[in-house]
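Number of protein chains: 2
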Amino acid sequence: MITLDVALGDRSYPIYIGRSLLGKAALIHNYLSGKEVLVVSNTTVAPLYLDKLMASLEGYRAESVILPDGEKYKTLEYLNDIFTALLEKRMSRQTSIIALGGGVVGDMAGFAAACYQRGIPFIQVPTTLLAQVDSSVGGKTAVNHPAGKNMIGAFYQPKCVIADTDVLSTLDDRQLSAGIAEVIKYGLIRDECFLLWLEENMEALLGRDAAALVYAIERSCMNKADVVAADEHECGQRALLNLGHTFGHAIETAMGYGEWLHGEAVAVGMYMAADLSARLGWLETTDVTRVARLLERANLPVKGPRISIEKMKDLMAVDKKVLDGQIRLVLLKAIGDAVVTDEFDAELLDQTLQQCQV
Amino acid sequence: MITLDVALGDRSYPIYIGRSLLGKAALIHNYLSGKEVLVVSNTTVAPLYLDKLMASLEGYRAESVILPDGEKYKTLEYLNDIFTALLEKRMSRQTSIIALGGGVVGDMAGFAAACYQRGIPFIQVPTTLLAQVDSSVGGKTAVNHPAGKNMIGAFYQPKCVIADTDVLSTLDDRQLSAGIAEVIKYGLIRDECFLLWLEENMEALLGRDAAALVYAIERSCMNKADVVAADEHECGQRALLNLGHTFGHAIETAMGYGEWLHGEAVAVGMYMAADLSARLGWLETTDVTRVARLLERANLPVKGPRISIEKMKDLMAVDKKVLDGQIRLVLLKAIGDAVVTDEFDAELLDQTLQQCQV
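Below is the structure:
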């Protein structure tokens with residue numbers, strides 16, 4: 011088992027990465043403060059892993075609430091189902107919430123924990139690669155609004171993150187690739203050595219080689235923990251983790267949440283960011299090809315769906331990085347070196363949006 | 011103008027109390043960080059005071075959203091109207107929210123500020139006595155759930171509180187009395203000198219004597235600020251501010267939110283707490299009569315509506331003070347000296363609930 015730390019003073023917490031962690035009752039108990047637990051999961055994950063987790067909660071009053079699976083249910087309305095479950099089961103302020111699922115479950119369970127009785131503790135047990143390498147770490151929780159992704163939420167840190175790599179064996183291929191998109195992101199924004207490793211080990215990852223997966227998760231979480239520790243509330247460098255996300259969120263919102271997986275939309279968005287960076291003269295054409303090649307090897311798209319340029323820009327203007335009415339984007343000064351900037355020609359952005367559609 | 015401070019380290023903020031503050035543009039501008047403002051108000055307050063506040067926001071991109079008036083609209087559903095307004099008007103993370111209204115508006119606008127884009131700044135401009143003396147100070151924000159009051163929310167401090175006493179001239183008598191209930195609360199839990207002052211000046215308060223109102227607001231806010239500074243997240247003494255609230259919230263929930271005003275339900279709850287304290291031998295019967303007399307002079311009820319004892323206890327079990335399945339209540343060791351305790355005979359609680367109904 012590997013242990014990493016997210017260093018946030020009195021809100022610091024560990025990330026555990028390894029096999030069979032769902033069965034390690036004593037490990038989990040360390041992070042439960044009271045005797046009541048509500049497990050939040052979804053209709054895909056619960057049949058596979060809920061019993062196993064519940065067995066590790068013997069001696070606790072453990073209840074569960076099962077949400078429908080998918081990004082389109084990441085709404086205030088379904089969030090309320092968690093509150094209703096907590097209240098119907100008379101769960102007190104000493105209750106801990108455990109998020110057992112992917113990014114949607116983690117975001118919703120974490121946000122519910124942030125709000126129930128104005129804040130109760132929670133634990134992340136991510137069951138997708140995307141959640142294990144990205145969304146479960148760093149305390150960003152949220153639900154979507156029809157007009158914008160992740161627009162309603164809280165910065166709220168978990169007590170720990172438990173990434174059991176065994177659960178990845180049941181992840182479908184499309185979800186695995188979506189997770190790899192966020193893994194590639196770390197290489198592109200700040201870790202070119204990792205990118206080189208990914209270029210050498212993409213087949214092992216896709217083949218679910220255990221050692222390769224553990225290394226990719228560990229290195230991703232190290233990158234994420236570093237950035238979060240330096241800038242918890244995204245006043246500066248944390249925004250770099252948003253590479254591809256302004257484009258990606260616009261695609262997700264335009265297509266209807268869940269039509270495109272988040273990682274797929276981010277893959278296209280990263281390609282768009284590389285393309286625009288090249289148009290600005292920051293990247294070579296060979297760099298853009300390199301990005302495309304790696305994404306394609308991960309079975310990820312690099313071209314987005316047909317959406318009018320006006321609509322894309324309209325949706326991109328609903329973004330947490332907007333400052334003084336200006337869209338700001340994460341772009342690449344070089345492979346492994348990202349910046350947040352509003353210094354791009356509007357014409358070049360139009361060209362990128364035009365060029366990077368199917 | 012009187013200035014008080016809520017001492018919370020880097021989250022400290024001032025409370026301004028005085029006349030004509032809505033028109034003091036420079037004062038308000040000091041607490042706006044960006045150039046965008048969303049004013050949240052309701053259908054009762056907006057026609058009276060929105061224009062005045064908007065005039066003080068000249069030079070800003072100021073928008074407004076008007077909620078229906080009343081506790082029954084303090085829900086996730088109407089909270090979403092604030093998010094929709096923010097998104098439709100393309101308000102960025104640099105936007106400040108101003109809550110212009112009573113406790114419901116303040117709670118909802120504050121909670122929306124806590125959640126929009128994971129947190130934007132906000133200012134409290136309370137327009138009821140209850141909001142000026144209590145709910146606008148201390149950073150408790152929330153919405154109700156059908157199963158329990160204030161169960162979904164956040165601790166989120168405003169940048170400042172601006173209590174313009176001129177606006178109390180348009181407050182209806184019932185709302186004025188409801189506010190006085192929370193004023194009396196401070197006297198009962200920790201400030202017997204203030205209680206004596208209230209006993210001498212109740213007629214002046216009801217007659218809206220300007221000096222009396224300002225003094226009552228100032229002294230209430232001093233008490234509140236003291237308690238909040240010592241225990242922001244209610245790990246200890248802040249719970250004392252809940253005197254009468256476990257009973258009161260149960261009445262509000264049972265009757266349907268808004269049927270009883272919060273202050274009215276709290277008045278009955280404080281009388282119940284005094285009654286139970288006397289049954290426990292902590293208060294004299296004369297103390298209980300003293301409490302009843304003062305509440306009645308403020309035109310507040312001391313007897314609750316007919317609700318079965320079982321239902322009352324069931325609703326009282328949905329309370330943030332519940333610990334290990336036990337209802338905990340704020341009771342009075344003496345007038346001016348409250349405690350949080352679960353050491354009361356269940357039989358005596360039943361007697362109190364039985365006795366204190368119409």
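Chains S and C are the protein sequences, given in the same order.
Every position in the first sequence, counted from 1, becomes a number in this note's numbering once 10 is added.
Every position in the second sequence, counted from 1, becomes a number in this note's numbering once 10 is added.
Backbone N, C-alpha and C define an ideal beta-carbon position, used for all residues, glycine too.
Item                                                                                                                     : Value
Counted within 10 angstroms of its Cβ, other Cβ atoms place S/Pro136 as buried (16 or more) or exposed                   : buried
Span separating the alpha-carbon of S/Ala221 from that of S/Met64                                                        : 28 Å
Rounded distance between the beta-carbons of C/Leu18 and C/Glu242, thought under 8 Å                                     : 6 Å
Residue-level contact to chain C via CB, S/Asp174, 9 Å cutoff                                                            : no
Continuous alpha helix (DSSP H) stretch holding C/Lys159: start and end                                                  : Note, C/Lys159: premise wrong, no alpha helix (DSSP H); beta strand (DSSP E) at Gly158 to Phe165.
Residue-level contact to chain C via CB, S/Leu97, 9 Å cutoff                                                             : yes
C-beta atoms of S/Asp285 and S/Asn233 nearer than 9 Å                                                                    : no
Cβ neighbours of S/Gly163 in the same chain (closer than 6 Å, five flanking residues each side left out)                 : Phe121, Thr151 and Ala152
CB of C/Ser187 within 9 Å of CB of C/Leu216, strictly                                                                    : yes
Per-residue DSSP class, three states only, for C/Asn52                                                                   : strand
Inter-stretch contact at 8 Å, needing at least 3 Cβ pairs: the region 335-351 of chain S / the region 243-255 of chain S : yes
DSSP state of C/Asp369 mapped onto helix, strand, coil                                                                   : Examination of residue 369 of chain C is not possible in this model, given that chain C is present from 11 through 368 alone.
Neighbour list for S/Tyr126 in chain C, Cβ cutoff strictly below 8 Å                                                     : Met161 and Ile162
Residue-level contact to chain C via CB, S/Leu37, 9 Å cutoff                                                             : no
Beta-bridge pairing of C/Lys150 - partner residues as DSSP gives them                                                    : C/Phe165
Within chain C, partners of S/Phe132 - CB distance below 7 Å                                                             : None at all; the shortest Cβ gap to chain C is about 15 Å.
Own chain partners of S/Ile172 with C-beta closer than 6 Å, once the 5 adjacent residues on each side are dropped        : Tyr26, Leu31 and Val135
Touch test, the region 69-87 of chain C against the region 106-115 of chain C, Cβ-Cβ under 8 Å, three pairs minimum      : yes
Straight-line gap, C/Glu306 to C/Val49 (C-alpha atoms, nearest Å)                                                        : 36 Å
S/Asp176 to C/Gly197 span [Cα, whole Å]                                                                                  : 60 Å
Cβ distance (whole Å) where S/Ser102 is taken to contact S/Ser74 below 8 Å                                               : Actually they are not in contact, since the Cβ atoms of S/Ser102 and S/Ser74 sit about 17 Å apart, beyond 8 Å.
For S/Gly314, the residue or residues it bridges with in DSSP                                                            : S/Gln367
Where the region 88-115 of chain C meets chain S: residues whose CB sits under 9 Å from a CB there                       : Leu89, Asn90, Phe93, Thr94, Leu96, Leu97, Glu98, Arg100, Ser102, Arg103 and Gln104
Residues bridged to S/Ile27 (per DSSP)                                                                                   : S/Ile12 and S/Ala173
Spatial distance of S/Arg303 from S/Gly291 (CA atoms)                                                                    : 20 Å
Beta carbon of C/Val47 nearer than 9 Å to that of C/Ile107                                                               : yes
Pair within 9 Å by beta-carbon distance, C/Glu192 and C/Ser230                                                           : yes
Closer than 8 Å at the beta carbon, the chain S residues around C/His155                                                 : Asn90, Phe93, Thr94 and Leu97
Buried or exposed by the 16-neighbour rule on C-beta atoms within 10 Å, applied to C/Lys321                              : exposed
S/Gln336 - partner residues in DSSP beta bridges                                                                         : S/Leu333
Span separating the alpha-carbon of S/Gln364 from that of S/Leu358                                                       : 10 Å
S/Tyr225 versus S/Leu205 - alpha carbon distance                                                                         : 13 Å
Per-residue contacts from S/Gly158 into chain C (C-beta, under 8 Å)                                                      : Leu97
Neighbour flag for C/Phe204 against chain S, beta carbons, 9 Å                                                           : no
First and last residue of the uninterrupted alpha helix (DSSP H) at C/Thr94                                              : Leu86 to Glu98
Cutoff 9 Å: C/Ala327 Cβ touching any chain S Cβ                                                                          : yes
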